[in-house]
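Have a look at the structure below before the remarks.
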Amino acid sequence: MKPIILATIMSTVISGTIMVLTSSHWLTTWIGFEMNMLAIIPILMKKFNPRAVEASTKYFLTQATASMLLMLGIVINLLLTGQWAVLNIPSPITSNVMTVALAMKLGLSPFHFWVPEVTQGIPLSSGMILLTWQKIAPLSILYQISPSMNPNLLMIMATMSLLIGGWGGLNQTQLRKILAYSSITHMGWMIAVTAYNPTLMMLNLVIYIMMTLVTFTLFTLNSSTTTLSLSHMWNKLPLMTSLILVVMLSLGGLPPLSGFIPKWMIIHELTKNNMIIMAILMAMTALLNLYFYMRLTYTTALTMFPSTNIMKMKWRFEHTKSATLLPPLIVTSTMLLPLTPMVLTLF
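By full-length UniProt numbering, the letter at position 165 of the sequence shown is numbered 165, and the numbering carries on one by one without gaps.
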């Protein structure tokens, strides 16, 4: 793709999301979603092949259906209230229709089927945008309409997302599918706390985006798309293996690392609101996720595959891929736990 075309498309994606974030009028919010959706499709089809075309078509159909449902909710709200204000949703029917539409956009269960398929069919760089940037706009709307949402509907979707995200990733060898199921689980954690403390949802989103960016960058540096290609990394990039180990454990939410902060805070918030069973269920499903992250760390850093060369370091060309933001991102996605009080004050 030519740089000027890529710049135009990316600016449309960014401006669409910013329009959703800053708008207080339902029509401009909906237009922002549409701009974002139509501009992301050429980015998904950057490598033009049948898999990418199929993935982009699936993405388009799902997002178009979600946009249609969102518009239905907006129109019902307009008929009932006579105004376009985002924060004014008195009717439970409207809020339920809008919640379902936004759940489809996010890939929450039971509308999750497109996420692994689309992520698997597109390049790593496009997958990174799909699983990070594309989550910001729908979650910002959920944040705004959280007081009028149905907590029971949210809890059902959150529980299903946690279970499907955990079970779905267990038997995978494709890294992009593993990250897609990881995304479904993280969305489940965010949605579970939305009804009680939407600010924690935003904290979880920020930490999730940082960890996913690091993971995708590390995979892109080695052009790894399967666990097998990841297992050869110790031979080429020994330092990267230890970094992947730490980042994966952070994604799993192990205590000394940044990924533990949102899980800790969300479980604390749920227990404060007498949702003890939900908190226990969420802690148990986190173990499923931790298991498949541990599988990745095991194949990457803890096994040494037989190699034909005598030396440990394989002869190779120098890396041409740049990763300017990798060091600060690795620090923030692994070492934020001591700064938890400060992070909570910021949020």
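We treat Cβ as the ideally placed atom computed from N, Cα and C, and that holds for glycine.
Legend entry - C-beta atoms of M248 and T297 nearer than 7 Å: Against a cut-off of 7 Å, the Cβ pair of T297 and M248 comes out as a contact.
Inset, instruction - Can you give me the Cβ contacts of W114 inside the same chain, cut-off strictly under 6 Å, excluding the 5 residues immediately before and after it? - result: Only K58, T62 meet the Cβ criterion.
Inset, instruction - Please report the residue range of the alpha helix (DSSP H) in which F219 lies. - result: Annotation for F219: the continuous alpha helix (DSSP H) segment containing it runs 198-222.
Legend entry - Where A323 sits in the DSSP three-state scheme: DSSP places A323 in coil when its eight states are reduced to three.
Inset, instruction - Using the Cα positions of T217 and S182, report the straight-line distance between them to the nearest angstrom. - result: Near 16 Å, if we compare the C-alpha coordinates of S182 and T217.
Legend entry - Inter-residue spacing [alpha-carbon to alpha-carbon] between L142 and M160: Roughly 18 Å between the two C-alpha positions.
Legend entry - Classification of W189 by the beta-carbon crowding that lies within 10 angstroms, buried from 16 upward: Residue environment for W189: buried (at least 16 other C-beta atoms within 10 angstroms of its C-beta).
Legend entry - Exposure of K105, with buried meaning 16 or more beta-carbon neighbours within 10 Å: K105 should be labelled buried.
Inset, instruction - Mind checking who residue 377 pairs with in its DSSP beta bridge? - result: There is simply no residue 377 to check, as the chain begins at 1 and stops at 347 in what is shown.
Inset, instruction - Could you pull out every residue in the same chain whose Cβ sits closer than 8 Å to the Cβ of S229, ignoring the five residues on either side in sequence? - result: Correct list, in chain order: N222, S223.
Legend entry - Residues bridged to T226 [DSSP beta-bridge criterion]: T226 pairs with Q174.
Inset, instruction - Pick helix, strand or coil for T132, following the three-state DSSP scheme. - result: Coil.
Legend entry - Exposure of T22, with buried meaning 16 or more beta-carbon neighbours within 10 Å: Counting of Cβ neighbours within 10 angstroms places T22 among the exposed residues, the total staying below 16.
Legend entry - Sufficient close CB pairs (3 or more, under 8 Å) joining the region 74-83 to the region 162-174: By the Cβ rule, the region 74-83 does not count as touching the region 162-174, because fewer than three pairs are nearer than 8 Å.
Inset, instruction - Quick one: give me the first and last residue of the alpha helix (DSSP H) that M233 is part of. - result: M233: member of the alpha helix (DSSP H) spanning 233-236, first to last residue.
Legend entry - Supposed close pair N49, T99 - CB separation, criterion 8 Å: Rounded, the Cβ-Cβ distance is 36 Å, inconsistent with contact.
Inset, instruction - In the DSSP assignment, find the unbroken alpha helix (DSSP H) run with L153 in it and report its ends. - result: For L153, the uninterrupted alpha helix (DSSP H) run begins and ends at 151-168, by DSSP.
Legend entry - Rounded separation between L44 and G127 - CA only: Straight-line Cα distance between these residues: approximately 8 Å.
Inset, instruction - Under 7 Å Cβ to Cβ from F219, same chain only, skipping five residues before and after it: list those, please. - result: L124, L175.
Inset, instruction - Just the C-alpha distance for M202 and F347, rounded to the nearest angstrom, thanks. - result: Taking the straight line from one Cα to the other gives about 8 Å.
Legend entry - Own chain partners of I178 with C-beta closer than 8 Å, once the 5 adjacent residues on each side are dropped: G169, Q172, F292, L296.
Inset, instruction - Spatial neighbours of N96 within its chain, please: CB distance less than 7 Å, with the 5 preceding and 5 following residues excluded, ordered by chain position. - result: The residues are N150, L153.
Legend entry - When S231, T185, N235 are compared against L281, the one with the closest alpha-carbon: When each option's Cα is compared against that of L281, the closest is T185.
Legend entry - C-alpha distance - M275 paired with E269, whole-angstrom precision: Straight-line Cα distance between these residues: approximately 9 Å.
Inset, instruction - From the DSSP output, in three-state form, read off T303 for me. - result: Annotated three-state conformation of T303 is coil, per DSSP.
Inset, instruction - Enumerate, from N- to C-terminal direction, the unbroken alpha helix (DSSP H) stretches of 4 or more residues contained entirely within the region 19-79. - result: You should have 26-44.
Legend entry - Residue burial classification, K135 (beta-carbon count within 10 angstroms, cutoff 16): Buried is the call here.
Inset, instruction - Can you say whether L69 is buried or exposed, counting buried as having 16 or more other CB atoms within 10 angstroms of its CB? - result: A buried status is given to L69, since no fewer than 16 other beta-carbon atoms sit within 10 Å of its beta-carbon.
Legend entry - In chain order, each alpha helix (DSSP H) run of at least 4 residues that lies wholly inside the region 239-271: Whole alpha helix (DSSP H) segments, 4+ residues: zero.
Inset, instruction - Give me the Cα-Cα distance between S258 and N289, rounded to the nearest whole angstrom. - result: The C-alpha of N289 is placed about 16 Å away from the C-alpha of S258.
Inset, instruction - Please confirm whether any heavy atom of the ligand FMN lies closer than 6 Å to the CB of N77. - result: As presented, the structure is devoid of all ligands, the ligand FMN included, so that no description of it is given.
Legend entry - Per-residue DSSP class, three states only, for M335: If DSSP states are grouped into helix, strand and coil, M335 belongs with coil.
Inset, instruction - Evaluate H25 with the Cβ neighbour count: other Cβ atoms within 10 Å of its Cβ, from every protein chain shown; 16 or more gives buried, anything less gives exposed. - result: Classification of H25: exposed, given that the 10 Å Cβ count is below 16.
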